[in-house]
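So the structure is just underneath, and the comments pick up after that.
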DNA sequence: CCAGATGCTTTTTTT
DNA sequence: AAGCATCTGG
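Numbering (this note's numbering), first residue to last: 112 to 787.
Written out as structure tokens, the structure is:
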């Protein structure tokens, strides 16, 4: 009963003392260290409103975030709460989209106005092409193109040397005095550098631009060019940055150009930094006041989301770390029910118990399906839960994994559109040609060698038509080319000539895959040309968003990877497979302390999503202590967990063991729905 | 040289 | 889910 009362209090527009301090801050730069559920987004929104109400023009405020989702959400919420004229021109952007805008608005300085942006898959394809088959290091060991790419990208994002990047990415962050690593780096560094140099030249020749280039080019220009610096500095008075803990050194570099003439207001939580593999360093947030001149930091510690019991467990997890997160969240809502640990013998048992509890929350306790969220460390960990949901008729939405824009059939149809928009796009040619029957890797490469010499698209198509290939190969490209200024219609035409072949490729899957193209066509309606469409969708795939929003208001339970669940919350929260060697993963244990700490933060994010009830699932074999003989067990997060913090249960569910057809009879397995 | 089948592997993910 | 290696057979 009292739970409903609290919800009303939380929605009040009042701010607590800490939030008020941050919102009305009058010094130069401020870092707000905001723990999970402490009103991080609300504080940023109130800050913007406060500035606008005190006479700052909305267009003089820039809201930056790492993700589109958070940037968009903040601006939308401000617009909802404020007079429309006042917020006119308020901008919320990602670092990437902001840099793109700078590039486009300064064509004299940035000459790369016409280029194809490579996404991660394309980038990998480039490296594959450049490495060739069986690429080996000097000791004869294979190096995957993917690992060279990761070395390159990490060096760029973390702004570190090639040697440091190899040490981090190839040698699992070996220490400086690890001799075998140093020797490897010494002998093989040039190998990496050569491929990377080739890649840089290749990009230039093919007019390719990758995500890192977008930031890097602007960052360099800001350093070197006074004109760009003046332009950028003249635009804003205030920069508000969300998710500061995910900001990497390259992005810090960009922010540094604002130190002098703008006021930064950054919000983040070091304990929720889970993007280290991408160059984000949560420690930089600790050094904020050293890095940024004239800056201060403040803290938000009152949590409005969870009960104290849930926070006690979360605080405990951080306190067991050797790192000092200095975090102790206090629940505004007071006490509730202790979290539960549930032991299972196999993952089907786990999936069965989770879905039973979801059903019960709805049938017995009158919650919605959407009050339930199942979290997993990996995307494939959700498959068994999904299967159980289907079996029991629970509506669900999956967050995480590859989005629609990454899926094979969409990329198949985008490929010919990319060719039309940049006929030198070798990666697109390769994908497109290989689709057709009779054309494999070798033939495709031969055709491309012939075509890439041509002067323009028309010459290419003419040559292609005279190659005695299946007619659809050239006719698809022709019809897209003819409809260049009607991208939506060009998709329709492309599909008409490709669908027979796609049907053959995807077989029974084609039934559901083909439905996605209606959405693609709708998105394409807002673009003026094929060219515009393909360049826009890479930076802002509205497709995935429109798909997610369509399920947003529906009463679905959420199945999500932990990474995708950041910012979400749910009354009932189930964290699956928190077992030894799964969480932290085996790989993290091998990679050493930094990786394990990142896993810890990951689990912390998961725990703090829960509002009322938290269930942590694990393999029954994970029960041991930190004094265990087994090496991997020592790193297990839930060792020595006191029963004061958590209630321990083992699934002993006869109905599951003996009877496949569950009749719907309610058996109170863990007896923990008693709020009163 | 290509197609198709099979089995294996896969951190996580955003731009 | 989807890419990979690997094999068989055309």
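All C-beta atoms, glycine included, are put in the ideal place defined by N, C-alpha and C. Source: prediction; values computed, not measured.
By the DSSP assignment, the alpha helix (DSSP H) with residue 341 in it spans what residues? What you label residue 341 is simply residue 230 of the first chain in a count that begins at 1. Where residue 341 is concerned, the enclosing alpha helix (DSSP H) stretches over 337-346.
Mark residue 130 as exposed unless 16 or more other C-beta atoms lie within 10 angstroms of its C-beta, in which case mark it buried. Stepping through the first chain from its first residue, residue 130 is reached at position 19. Residue 130 should be labelled buried.
Beta-carbon contacts of residue 459 that lie in its chain and below 7 angstroms, excluding the five residues immediately before and after: As a first step, residue 459 is located in the first chain; it is residue number 348 there, counting from the start. Here the set comprises 495.
Collapsed DSSP secondary structure at residue 145 in the structure displayed: Here residue 145 refers to the residue found at position 34 when the first chain is read from its first residue. Under the three-state reduction of DSSP output, residue 145 falls in the strand class.
Where residue 462 falls, given that 16 or more other Cβ within 10 Å makes a residue buried: By one-based count along the first chain, residue 462 stands at place 351. Residue 462 is buried by the Cβ-count criterion.
Classification of residue 557 by the beta-carbon crowding that lies within 10 angstroms, buried from 16 upward: Taking the first chain and counting its residues from 1, one reaches residue 557 at position 446. Looking at its Cβ environment, which holds fewer than 16 other Cβ atoms inside 10 Å, residue 557 is exposed.
Residues that residue 200 bridges to, as DSSP identifies them: Here residue 200 corresponds to residue number 89 of the first chain, with the count starting at 1. For residue 200, which the question treats as bridged, DSSP gives no partner whatsoever.
For residue 232, which option in 699, 645, 718 and 518 has the closest C-alpha, if you only look at C-alpha atoms? Here residue 232 refers to the residue found at position 121 of the first chain. Cα-wise, what sits closest to residue 232 is 518.
Reduced DSSP category for residue 131 - H, G, I as helix; E, B as strand; rest coil: Position 20 of the first chain holds residue 131. Looking at residue 131 - three-state DSSP - the assignment turns out to be helix.
Taking a contact to mean a Cβ-Cβ separation below 7 angstroms, would you say residue 582 touches residue 559 in this structure? Start at 1 with the first residue of the first chain, and residue 582 comes out as number 471. Start at 1 with the first residue of the first chain, and residue 559 comes out as number 448. Not in contact: residue 582 and residue 559 (Cβ atoms no closer than 7 angstroms).
Considering just the uninterrupted stretch of the alpha helix (DSSP H) at residue 152, what are its terminal residues? For the purposes of this step, residue 152 is taken as the residue at position 41 of the first chain. Segment 151-164, the alpha helix (DSSP H) holding residue 152.
Separation of residue 262 from residue 271, as counted between CA atoms: Within the first chain, numbered from 1, the residue matching residue 271 stands at position 160. Within the first chain, numbered from 1, the residue matching residue 262 stands at position 151. Cα to Cα, residue 271 sits roughly 10 angstroms from residue 262.
Buried or exposed by the 16-neighbour rule on C-beta atoms within 10 Å, applied to residue 222: Position 111 of the first chain, counting from 1, holds the residue named residue 222. By the neighbour-count criterion, in which 16 or more other beta carbons inside 10 Å mark a residue as buried, residue 222 falls on the exposed side.
Can you say whether residue 642 is buried or exposed, counting buried as having 16 or more other CB atoms within 10 angstroms of its CB? As a working note, residue 642 is residue 531 in the first chain. When all chains shown are included, residue 642 counts as buried.
Among the candidates 218, 266, 639 and 723, whose CA atom is the shortest distance from the CA of residue 389? To locate residue 389, count along the first chain from 1; it is residue 278. It is 266 whose Cα lies nearest to the Cα of residue 389.
For residue 148 and residue 353, the rounded distance between their alpha carbons: Taking the first residue of the first chain as 1, we reach residue 353 at position 242. Taking the first residue of the first chain as 1, we reach residue 148 at position 37. The alpha-carbon atoms of residue 353 and residue 148 are separated by roughly 14 angstroms.
First and last residue of the alpha helix (DSSP H) that includes residue 694? Here residue 694 is taken as the residue at index 583 of the first chain, counted from 1. Segment: none, residue 694 is in no alpha helix (DSSP H) and carries neither H nor E.
Excluding the 5 residues preceding and the 5 following residue 575 in the sequence, name in chain order all residues of the same chain whose CB lies nearer than 8 angstroms to its CB. Here residue 575 refers to the residue found at position 464 of the first chain. These residues qualify, in order along the chain: 558, 562, 584, 585 and 588.
Residue 238 - containing alpha helix (DSSP H), residue span: Here residue 238 is taken as the residue at index 127 of the first chain, counted from 1. That run of the alpha helix (DSSP H) goes 231-242.
With three or more C-beta pairs closer than 8 angstroms as the rule, is the segment 169-178 touching the segment 189-207? Yes, since at least three Cβ pairs between the segment 189-207 and the segment 169-178 fall closer than 8 angstroms, the two stretches touch.
Closest by CA to residue 250, which one among 299, 338 and 216? Taking the first residue of the first chain as position 1, residue 250 is located at position 139. For the residues 299, 338 and 216, the minimum Cα distance to residue 250 belongs to 299.
For residue 185 and residue 152, the rounded distance between their alpha carbons: The count along the first chain starts at 1 and reaches residue 152 at position 41. The count along the first chain starts at 1 and reaches residue 185 at position 74. Straight-line Cα distance between these residues: approximately 7 angstroms.
How many Å lie between residue 334 and residue 645 at the Cα? To locate residue 334, count along the first chain from 1; it is residue 223. To locate residue 645, count along the first chain from 1; it is residue 534. As the crow flies, the alpha-carbon of residue 334 is around 31 angstroms from that of residue 645.
Exposure label - residue 383; buried when at least 16 CB within 10 Å: Position 272 of the first chain, counting from 1, holds the residue named residue 383. Buried, since its Cβ has 16 or more Cβ neighbours within 10 Å.
Could you check which residue in 511, 512 and 580 has the C-alpha nearest to that of residue 545? Within the first chain, residue 545 is the residue found at index 434, counting from 1. Ranking 511, 512 and 580 by Cα distance to residue 545 puts 580 first.
Is DSSP giving residue 769 helix, strand or coil here? Along the first chain, read from residue 1 onward, the residue named residue 769 stands at position 658. Annotation note: pLDDT 38 at residue 769 (below 50); position unreliable, coordinate value reported separately. Helix at residue 769.
For residue 511 versus residue 671, is the C-beta spacing smaller than 7 angstroms? Working through the first chain from its first residue, we reach residue 511 at position 400. Working through the first chain from its first residue, we reach residue 671 at position 560. Their beta carbons are under 7 angstroms apart, which means residue 511 touches residue 671 by this criterion.
Looking at the strands, I want to know which residues DSSP matches up with residue 484. Within the first chain, numbered from 1, the residue matching residue 484 stands at position 373. Answer is 669 and 684, bridged to residue 484.
Nearest to residue 331 by alpha carbon, out of 350, 307, 363 and 411? Reading the first chain from its first residue, position 220 is the one you call residue 331. Taking each of 350, 307, 363 and 411 in turn and checking the Cα distance to residue 331, the smallest one comes out for 363.
With a threshold of 6 angstroms on Cβ separation, who are the neighbours of residue 226 within its own chain once the five nearest residues in sequence on each side are excluded? What you label residue 226 is simply residue 115 of the first chain in a count that begins at 1. The beta carbon of residue 226 sits closer than 6 angstroms to those of 318 and 320, all from its chain and outside the five residues before and after it, given in chain order.
If we count Cβ pairs, one from each stretch, closer than 8 angstroms, do we get three or more for the segment 441-448 versus the segment 416-426? Three or more Cβ pairs drawn from the segment 441-448 and the segment 416-426 lie within less than 8 angstroms of each other, which places the two stretches in contact.
Specify whether the segment 722-729 and the segment 683-691 touch according to this definition: at least 3 beta carbon pairs, one from each stretch, less than 8 angstroms apart. In short, these stretches touch, since the Cβ pair count reaches three.
Run of the beta strand (DSSP E) containing residue 435, from where it starts to where it stops: Counting from 1 along the first chain, the entry for residue 435 is found at position 324. That residue, residue 435, is in no beta strand (DSSP E); it is neither H nor E in DSSP.
With DSSP as the reference, identify every bridge partner of residue 758, one or two as the case may be. Taking the first residue of the first chain as position 1, residue 758 is located at position 647. DSSP lists 451 as partners of residue 758.
Taking all protein chains shown into account, decide if residue 279 is buried (16 or more other Cβ within 10 angstroms of its Cβ) or exposed. Taking the first chain and counting its residues from 1, one reaches residue 279 at position 168. Within 10 angstroms of the beta-carbon of residue 279 lie 16 or more other beta-carbons, which makes it buried.
Might you give, ordered along the chain, the residues of its own chain that have their beta carbon closer than 6 angstroms to the beta carbon of residue 296, omitting 5 neighbours on each side? Within the first chain, the letter at position 185 stands for residue 296. Closer than 6 angstroms at the Cβ level, and outside the excluded window around residue 296, lie 274 and 277.
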